[in-house]
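First comes the structure, then the notes that go with it.
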Amino acid sequence: MKLYTKITLLTKLACTLCIVLLCGINSWAQQADSIHISLKNRTKKVSRIPEIKANIQSYKPMFGSIGNTGMFSTYSNTSKSTATTIVKDRLLTIVKIYPNPVEDQLNIILSIGKDGTQTTIKILDLLGNEVVTLSNERLNAGEQTKSFTIPGKLNAGIYFLRVVAGAESQVKRISVL
Numbered sequence: 000m001k002l003y004t005k006i007t008l009l010t011k012l013a014c015t016l017c018i019v020l021l022c023g024i025n026s027w028a029q030q031a032d033s034i035h036i037s038l039k040n041r042t043k044k045v046s047r048i049p050e051i052k053a054n055i056q057s058y059k060p061m062f063g064s065i066g067n068t069g070m071f072s073t074y075s076n077t078s079k080s081t082a083t084t085i086v087k088d089r090l091l092t093i094v095k096i097y098p099n100p101v102e103d104q105l106n107i108i109l110s111i112g113k114d115g116t117q118t119t120i121k122i123l124d125l126l127g128n129e130v131v132t133l134s135n136e137r138l139n140a141g142e143q144t145k146s147f148t149i150p151g152k153l154n155a156g157i158y159f160l161r162v163v164a165g166a167e168s169q170v171k172r173i174s175v176l
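At position 39 of the sequence shown the residue is numbered 38 (numbering that gives the first Met the number 0), and the sequence of numbers has no breaks.
As structure tokens, then:
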């Protein structure tokens, strides 16, 4: 009986030792994966967010400044005068194109800055190829309304209307039904 007890005790001890060793190896492996020890200097992390560099003036409200119309007016006088000078210097301004989508007649209201300006009005396809020239004439200064009949060779689709006055040009999208 003593021999049987010794074998059982040795078996239990061997099993316990194996379990301890196997668990220890497992825990050592997990610790090695989770802990990173490095003697190297860490490199600087590079941000993947793009940096936008622009000269944008900060917003500065002009509360109660002299010359403003209201107590809380946030517009300065300089921006208003700049906007009006830009409009005055423009040679060509397309005010309105109607009806859009177009069926048979196209009306254009445009503003010309100088007398005797050579003005060309063309319809272009989506690739920029000229489809038809509606007008090529000298126009007087001021706001003018022009009406054109859409030619039958234009299929239904999206086109561009290019108005060239002197060295300036403007392009607007039109839909033909």
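Glycine included, each C-beta is placed from N, C-alpha and C at the ideal position.
Under 7 Å Cβ to Cβ from Glu-136, same chain only, skipping five residues before and after it: list those, please.
-> To locate residue 136, count along the sequence shown from 1; it is residue 137. Around Glu-136: Thr-118.
Are the beta-carbon atoms belonging to Ile-93 and Gln-169 less than 8 Å from one another?
-> Here residue 93 refers to the residue found at position 94 of the sequence shown. Here residue 169 refers to the residue found at position 170 of the sequence shown. A Cβ-Cβ contact shorter than 8 Å links Ile-93 with Gln-169.
Inter-residue spacing [alpha-carbon to alpha-carbon] between Gly-141 and Lys-113 | Reading the sequence shown from its first residue, position 142 is the one you call residue 141. Reading the sequence shown from its first residue, position 114 is the one you call residue 113. So the alpha carbons of these two residues sit roughly 8 Å apart.
Helix or strand or just coil, what does DSSP make of Leu-123?
-> The residue you call residue 123 lines up with position 124 of the sequence shown. Three-state DSSP puts Leu-123 in a strand.
Between Leu-160 and Asp-103, what straight-line distance do the alpha-carbon atoms span, to the nearest angstrom?
-> Within the sequence shown, numbered from 1, the residue matching residue 160 stands at position 161. Within the sequence shown, numbered from 1, the residue matching residue 103 stands at position 104. In a straight line, the C-alpha of Leu-160 is about 15 Å away from that of Asp-103.
Return the CA-CA distance between Leu-176 and Ile-107, expressed in angstroms with no decimal places.
-> For the purposes of this step, residue 176 is taken as the residue at position 177 of the sequence shown. For the purposes of this step, residue 107 is taken as the residue at position 108 of the sequence shown. Roughly 17 Å between the two C-alpha positions.
From what residue to what residue does the beta strand (DSSP E) around Ile-173 run?
-> If you number the sequence shown from 1, residue 173 lands on position 174. First-last of the beta strand (DSSP E) with Ile-173: 167 to 175.
Residue span of the beta strand (DSSP E) that contains Asn-135, given as start and end | For the purposes of this step, residue 135 is taken as the residue at position 136 of the sequence shown. Looking at the DSSP string, the run of the beta strand (DSSP E) that includes Asn-135 is 129 to 138.
Taking just the CA atoms, how far does Leu-138 sit from Arg-89?
-> Here residue 89 refers to the residue found at position 90 of the sequence shown. Here residue 138 refers to the residue found at position 139 of the sequence shown. Put simply, the backbone Cα of Arg-89 is about 15 Å away from that of Leu-138.
With 16 other Cβ atoms within 10 Å as the buried cut-off, status of Val-162 = Position 163 of the sequence shown holds residue 162. Per the 10 Å Cβ criterion, buried.
With burial defined as no fewer than 16 other Cβ atoms inside 10 Å of the residue's Cβ, what is the status of Glu-129: buried or exposed?
-> Sequence index remark: in the sequence shown, residue 129 carries index 130 (1-based). With fewer than 16 other Cβ atoms within 10 Å, it is exposed.
Beta-carbon contacts of Lys-121 that lie in its chain and below 6 Å, excluding the five residues immediately before and after | Residue 121 sits at position 122 when you count from the first residue of the sequence shown. Around Lys-121: Glu-129, Thr-132, Arg-161.
Continuous beta strand (DSSP E) stretch holding Val-162: start and end | Locating residue 162 in the sequence shown gives position 163, where the first residue counts as 1. Residues 156 to 164.
Would you report the Cα separation of Ala-82 and Glu-167, rounded to the nearest angstrom?
-> The residue you call residue 82 lines up with position 83 of the sequence shown. The residue you call residue 167 lines up with position 168 of the sequence shown. Reliability of the predicted coordinates at Ala-82 is poor, the pLDDT of 43 falling under 50, and the value obtained from them is presented with this limitation in mind. Their Cα atoms are separated by approximately 18 Å.
Specify the secondary structure class of Leu-8 as computed by DSSP and reduced to three states.
-> Reading the sequence shown from its first residue, position 9 is the one you call residue 8. Annotated three-state conformation of Leu-8 is helix, per DSSP.
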